[in-house]
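Chains A and B supply the protein sequences, listed in that same order.
Mapping to numbering that gives the first Met the number 0: the first sequence position 187 is 186, numbers consecutive.
Mapping to numbering that gives the first Met the number 0: the second sequence position 124 is 123, numbers consecutive.
Heads up: the structure comes next, in structure tokens.
There are 2 protein chains.
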Amino acid sequence: MTATSKRDRILDSAEALFAERGYDGVTLRQIASQAGVDVALANYHFGKKIALFNAVFERRAALLNESRLEALRRVQESAAPAGPTVEQIIEAFLRPLELTQENADPGWRHYLALIAYVNNSTYWGKRMMSKLFDDLVHEFIDALRQALPQASDRDLYWCYHNLSGALTLTFAQTERIDTLSNGQCRSSDFQAAYDHMIPFVAAGFRRVCEPGE
Amino acid sequence: MTATSKRDRILDSAEALFAERGYDGVTLRQIASQAGVDVALANYHFGKKIALFNAVFERRAALLNESRLEALRRVQESAAPAGPTVEQIIEAFLRPLELTQENADPGWRHYLALIAYVNNSTYWGKRMMSKLFDDLVHEFIDALRQALPQASDRDLYWCYHNLSGALTLTFAQTERIDTLSNGQCRSSDFQAAYDHMIPFVAAGFRRVCEPGE
DNA sequence: GGCGGTTTTCAACAAGCGTTGAAACACAGT
DNA sequence: ACTGTGTTTCAACGCTTGTTGAAAACCGCC
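Below you can see the structure in the form of structure tokens.
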């Protein structure tokens with residue numbers, strides 16, 4: 000369950016702490032302490048602190064992209080030649096990350112919170128998001144453009160912005176919705192979040208990007 | 000235009016820097032330097048660093064809440080007794096913050112980015128969001144409940160979560176959508192963001208919270 | 001069982017941090 | 001001109017930070 004090599008334990012601890020407190024809110028000594036290693040070991044394996052941060056952020060990115068892209072290809076094949084519906088595309092974008100059991104791999108939960116931290120920050124977002132995620136996002140927007148042939152690019156991108164915002168806040172797992180709803184919703188429950196987000200977002204895309212009646 | 004008292008200049012600089020780099024990413028010396036004052040002055044006026052952060056966050060909260068609540072009351076009165084539509088309620092939630100000219104008061108732009116930072120963080124969100132914003136949010140959810148009488152509370156809150164996420168990412172002004180859309184959308188253009196967000200979100204609420212056909 | 005290379009710790013560095021007490025300044029009221 | 005009060009600066013404190021070079025421990029291999 001827990002990583003065995005000290006190098007991986009450093010990555011895991013850094014992932015959890017960076018996600019909770021941000022890059023500057025965490026010290027190498029905290030990371031090393033939580034990983035049960037000496038502070039100099041982080042330097043030996045990763046060099047500077049910023050390089051450790053990059054290593055954490057890049058570690059799971061490829062896997063995440065593959066899993067999403069595979070889900071997209073699957074609905075594209077199953078729906079050929081008409082092409083998948085908006086709902087199917089959104090679902091392919093969200094579901095691969097479901098972590099179905101609520102106690103699933105905490106590493107991934109921390110990683111998603113870290114994505115939220117980066118994506119919501121001008122400073123970090125500019126440095127780290129585009130390189131790793133732009134290609135995949137454009138794949139999904141292309142698919143949406145096909146499903147919504149009358150949509151302008153501008154409308155499509157603004158709709159994607161709304162989707163990205165809702166997803167980012169879900170990734171952040173802030174428990175704010177838990178407080179607001181007095182416990183009726185739990186931000187740790189990704190499945191419930193996606194169950195509501197998919198029809199919500201799909202309806203939004205249709206309303207903005209399909210010809211009015 | 001620029002604040003005249005040194006106390007206010009400290010608040011303005013802190014607001015801008017905290018919004019860009021987060022609480023731990025900014026030093027009191029940077030804040031003092033940007034404000035053109037000695038570092039000890041921040042301590043004289045606000046005490047500890049965390050108290051300065053709180054002062055920045057609370058400074059504009061009441062005004063923001065009043066402006067939103069007033070907008071809600073206005074549509075409630077103009078639409079009585081039937082009650083306002085979902086679109087009208089969402090509009091009242093968003094528009095007060097439009098900052099219509101794109102170069103409008105940079106202080107408010109920084110403040111909105113700071114809200115995004117706090118709302119997207121578990122650590123800061125738990126400490127700062129509920130106390131200042133829960134009452135207002137519940138006012139809006141009550142209004143939405145009336146406009147969507149068949150909705151369950153759970154559905155309403157999950158929909159609000161989606162709205163809040165889209166709005167939070169807009170507040171963050173990360174310029175990510177600028178990059179993705181190759182300049183066709185600009186995240187500094189709040190008016191365009193809201194023009195697309197209002198129908199998008201309203202359609203989402205209706206789809207999730209109104210009886211299916 | 002000693003050797004070579006990798007991994008890990010130890011001990012320490014200079015730099016920068018938040019914070020503070022006392023001194024200097026500004027300036028109103030008398 | 002003097003005093004008193006609220007501002008602002010100065011200079012320094014103790015502490016933590018990221019980083020580093022050298023020493024120690026580990027481990028497969030001859």
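The C-beta atom is built at its ideal place from N, Cα and C for all residues, glycine as well.
All of these numbers come straight from a predicted model, not from anything done at the bench.
8 Å Cβ cut-off: residues of chain A touching residue i
{"i": "Q183(B)", "result": "D152, R153, Y156"}
{"i": "N119(B)", "result": "A115, Y116, N119, T167, L168, A171, T173"}
{"i": "A192(B)", "result": "W157, H160"}
Residue i vs residue j beta-carbon contact at 8 Å
{"i": "P82(A)", "j": "A146(A)", "result": "What sits at residue 82(A) in the sequence shown is Gly, not Pro. Yes, Cβ-Cβ distance for G82(A) and A146(A) is below 8 Å."}
{"i": "L179(B)", "j": "Y156(A)", "result": "yes"}
{"i": "H109(B)", "j": "A18(B)", "result": "yes"}
{"i": "F56(A)", "j": "L93(A)", "result": "no"}
{"i": "F204(B)", "j": "L143(B)", "result": "yes"}
{"i": "R6(A)", "j": "H44(A)", "result": "yes"}
{"i": "R185(B)", "j": "D194(B)", "result": "no"}
{"i": "F199(B)", "j": "N161(A)", "result": "yes"}
{"i": "Q183(B)", "j": "R153(A)", "result": "yes"}
{"i": "G24(A)", "j": "D37(B)", "result": "no"}
{"i": "R175(A)", "j": "M127(B)", "result": "no"}
{"i": "A165(B)", "j": "C208(B)", "result": "no"}
{"i": "N64(A)", "j": "L135(A)", "result": "yes"}
{"i": "L62(B)", "j": "E138(B)", "result": "no"}
8 Å contact criterion, which residue i and residue j should meet: CB distance rounded
{"i": "L16(A)", "j": "Q33(A)", "result": "7 Å"}
{"i": "T121(A)", "j": "T173(B)", "result": "5 Å"}
{"i": "G21(A)", "j": "G21(B)", "result": "5 Å"}
{"i": "A115(B)", "j": "N119(A)", "result": "6 Å"}
Residues that residue i contacts on chain B, provided the C-beta gap is smaller than 7 Å
{"i": "S163(A)", "result": "L168"}
{"i": "V136(A)", "result": "L179"}
{"i": "Y122(A)", "result": "E19, R20"}
{"i": "D133(A)", "result": "L179"}
{"i": "V207(A)", "result": "H195, P198, F199"}
Beta-carbon proximity list for residue i, same chain, < 8 Å, skipping 5 on both sides
{"i": "E140(B)", "result": "Before going further, note that residue 140(B) is Ile rather than Glu in the sequence given. Counting only Cβ-Cβ distances below 8 Å, and skipping sequence neighbours, we find L155, Y156, Y159."}
{"i": "E69(A)", "result": "P95"}
Cut-off 7 Å between Cβ atoms - residues of its own chain near residue i, not counting five sequence neighbours on either side
{"i": "T84(B)", "result": "A146"}
{"i": "I197(B)", "result": "E86, I89, E90, L93"}
{"i": "T167(B)", "result": "A115, N118, N119"}
Chain-ordered chain A contacts of residue i [CB-CB under 9 Å]
{"i": "V200(B)", "result": "N161, F199, G203"}
{"i": "K125(B)", "result": "T173, E174, R175, T178"}
Amino acids of chain A, ordered along the chain, whose beta-carbon sits closer than 7 Å to that of residue i
{"i": "M128(B)", "result": "R175"}
{"i": "K48(B)", "result": "Ordered by position in chain A, no residue passes the 7 Å Cβ test against K48(B), which lies about 13 Å from the chain."}
Per-residue contacts from residue i into chain B (C-beta, under 9 Å)
{"i": "D23(A)", "result": "R20, G21, Y22, D23, G24, V25"}
Beta-carbon contacts of residue i that lie in its chain and below 6 Å, excluding the five residues immediately before and after
{"i": "W123(A)", "result": "V117"}
{"i": "M0(A)", "result": "The predicted position of M0(A) is uncertain, since its pLDDT is 45 and thus under 50; a value taken from the coordinates is nonetheless stated next. Answer for M0(A): no residue qualifies."}
{"i": "S163(A)", "result": "none"}
{"i": "A13(A)", "result": "I30, L51, V55"}
{"i": "L59(B)", "result": "The question names Leu, yet the displayed sequence has Arg at residue 59(B). If we look at R59(B) and ignore the five residues flanking it on each side, its Cβ neighbours are Y110."}
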